[in-house]
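Undergrad: The structure under discussion is supplied below as structure tokens; questions concerning it will follow.
Here is the structure:
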């Protein structure tokens, strides 16, 4: 295919590239001449020297480029919902553009910390790469896409909300906040709480959306997941991919800009672990998928701890181990209930490959180990009596549920185990929070 500017989308993206190039040139001139010294303030400033007008012009080009970027983004989401490359690429380019402006503003107010300087440079490089590819790809379009037919806005909002797996996100935020409180040994500030939870929410929601994008064909084969937005066709695969990528990128900018570098890197590691290591490869590769994959869900409490302390101590690793050991009995209980679903989809879950009896045995064994791990915190004097009593009581209830799965079997007791284990994790982390502040 030859490059051309026949479509209005191609012309608009080319205009965007020109505006970003002008913005880059003026930004470089501001840096070389130290023009920022003669025009203090953000986003507007009052020049005290002719050089100050360079910075003012830079601000003006930021505004022009932002308007054009918004128009490109709007046109892509209206006319290119089904395009597997243009929509995700436009969305990522828009987020990188916002990220570049965001990091630049934060750098000024934070006296240019090294990790933000590096992030600013990497974002600039990534923005230019994505923008050039976007211009080239859009130039291969012979004509504009057809605007999508009118759809129910409420339904679309609901579908994107479902794409985020809100119940899983909520549970992960509980563990994140528990790590934040436990690390602080007090109720953390409202600002730190807000940015940590916002970054965690974006990371978890974006990862969940990317997981559903990867599993969209597999989900069609399972009764439990067949009505998900991507599997059911209510959202296009390009929309799901774009949404997930946007949230994951935004989560890193929030964490790096307003929390700290360690928390941001841990959150990013969790995204890669869940999306690439688990969803792309591990889920269909081995019967130990849930055991090894449990590491992805175990990272959020470490993110909270890192947000509070800037480091990872023994307590943070024990919190990781708690969620890691909790994951297999929780999901194996669900796998017993939905064994036919997983069998039809070709997912090698333990009850499908090695039978329900062995799965019941493993649920009991992992539950016992989980309870032992929860007691490491008081053993190492990292938690007090409130947590100790709660861990023993909650552990007793969970052990009873696991024992019933082991002795009785069947879907009913397995479903009870699945529901109790969800509540168990939430309540034991709530107990950890209360223990940290009393």
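Residue numbers (my numbering): 1010 to 1447.
All C-beta atoms in this analysis are idealised placements derived from N, C-alpha and C, irrespective of residue type, glycine included.
Keep in mind the model is a prediction, meaning the values are calculated, not measured.
Can you list, in chain order, the residues of its chain with a C-beta nearer than 7 Å to that of residue 1173? Leave out the 5 residues immediately preceding and following it.
TA: 1214, 1217, 1218
Undergrad: Output the boundary residues of the alpha helix (DSSP H) element that contains residue 1303.
TA: 1298-1307
Undergrad: How about residue 1344 and residue 1321: do their beta carbons lie closer than 8 Å?
TA: no
Undergrad: Return the first residue and the last residue of the alpha helix (DSSP H) that residue 1290 is part of.
TA: From DSSP, residue 1290 is part of no alpha helix (DSSP H); its letter is neither H nor E.
Undergrad: Within the same chain, show all residues whose beta-carbon is closer than 7 Å to that of residue 1204, passing over the 5 residues directly before and after it, in chain order.
TA: 1263, 1267, 1268
Undergrad: Nearest by alpha-carbon distance to residue 1044: which of 1026, 1028, 1066, 1030 is it?
TA: Closest by alpha carbon: 1066.
Undergrad: For a test of the three-state rule: what should DSSP assign to residue 1319, helix, strand or coil?
TA: coil
Undergrad: So residue 1188 and residue 1311 are in contact, right, with Cβ under 8 Å, and what is the actual spacing, rounded?
TA: 6 Å
Undergrad: When we look at the beta-carbon of residue 1409 and count the other beta-carbons within 10 Å, is it buried (16 or more) or exposed?
TA: Its Cβ having fewer than 16 others within 10 Å, residue 1409 is exposed.
Undergrad: In chain order, what residues of the same chain lie with their CB nearer than 6 Å to the CB of residue 1255, ignoring the 5 residues before and after it?
TA: Same-chain partners within the cutoff: 1100, 1104.
Undergrad: What residue range does the alpha helix (DSSP H) around residue 1444 cover?
TA: 1420-1446
Undergrad: Classify residue 1265 as buried or exposed, calling it buried when 16 or more other Cβ atoms lie within 10 Å of its own Cβ.
TA: buried
Undergrad: I need the DSSP call for residue 1054, collapsed to helix, strand or coil.
TA: coil
Undergrad: Check whether the Cβ atoms of residue 1362 and residue 1296 sit closer than 8 Å, and answer yes or no.
TA: Yes. Within cutoff.
Undergrad: Are the CB atoms of residue 1146 and residue 1095 nearer to each other than 8 Å?
TA: yes
Undergrad: Starting from the C-beta of residue 1178, find all residues in its chain whose C-beta is less than 8 Å away, skip the five residues before and the five after it, and write them out in chain order.
TA: 1210, 1213, 1214, 1217
Undergrad: Is the Cβ-Cβ distance between residue 1261 and residue 1273 less than 8 Å?
TA: Against a cut-off of 8 Å, the Cβ pair of residue 1273 and residue 1261 comes out as a contact.
Undergrad: Please report the straight-line C-alpha distance between residue 1435 and residue 1401, rounded to a whole angstrom.
TA: Straight-line Cα distance between these residues: approximately 15 Å.
Undergrad: With burial defined as no fewer than 16 other Cβ atoms inside 10 Å of the residue's Cβ, what is the status of residue 1337: buried or exposed?
TA: Burial call: buried.
Undergrad: Once DSSP output is grouped into helix, strand and coil, what is the label at residue 1148?
TA: coil
Undergrad: Mind checking residue 1298: buried by the 16 CB within 10 Å criterion, or exposed?
TA: Buried is the call here.
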